[in-house]
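*Asks:* Quick one: the structure is below, questions incoming.
In the working numbering, the protein residues as written are 89 to 236.
Below is the structure:
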């Protein structure tokens, strides 16, 4: 839906659909959606059309973001935003910051999340979020040991 706003009609397709990727603490279902950018659009238009990503905002997007703003006690800041670059030749690459660590003064904020759908079980979603954060916690513990 989002990518279709800036791509040539009929070029949007799922190059990969629901592939399972396994990581140290979690598994992800991954799909890759591709399309041909319209000639009147560029990478900035693509970013504007696709962020925040529906996978981290929900749908319908505007209302979901309003609900997130009402219920989440801490601002997302970089979490669920875009990290990437725009090259001088028009090339561009980005990703979604789905697990982040932000330092403000003496405080470290770790952020991770889970996808919530109609049949989600809250305890399972919480456990998934904790599991996703474990990788960052282990990395921080290792860094602390190395610096001692």
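For each residue, glycine too, the CB sits at the ideal point set by N, CA and C.
Can you tell me whether DSSP reads residue 89 as helix, strand or coil?
*Replies:* Of the three classes helix, strand and coil, the one that applies to residue 89 here is coil, per DSSP.
*Asks:* Residue 170 bridges to which residues according to DSSP?
*Replies:* 184
*Asks:* Whole alpha helix (DSSP H) runs in the stretch 96–176 with 4 or more residues, listed along the chain?
*Replies:* You should have 131–138, 142–145 and 149–159.
*Asks:* Below 8 angstroms between beta carbons: does that hold for residue 211 and residue 188?
*Replies:* no
*Asks:* Looking only at its chain, what residues have a beta carbon closer than 8 angstroms to the beta carbon of residue 103, apart from the 5 residues adjacent to it on each side?
*Replies:* Within the same chain, 120, 121 and 122 come within 8 angstroms of residue 103 by CB-CB distance, once the 5 residues on both sides are set aside.
*Asks:* Within 10 Å of its beta-carbon, does residue 200 have 16 or more other beta-carbons around it, so buried, or fewer, so exposed?
*Replies:* buried
*Asks:* Counting pairs of beta carbons, one from the stretch 124–140 and one from the stretch 90–108, are three or more of them closer than 8 angstroms?
*Replies:* As far as the Cβ criterion goes, the stretch 124–140 touches the stretch 90–108, which means the pair count is three or higher.
*Asks:* What would DSSP say about residue 234, mapped onto helix, strand or coil?
*Replies:* helix
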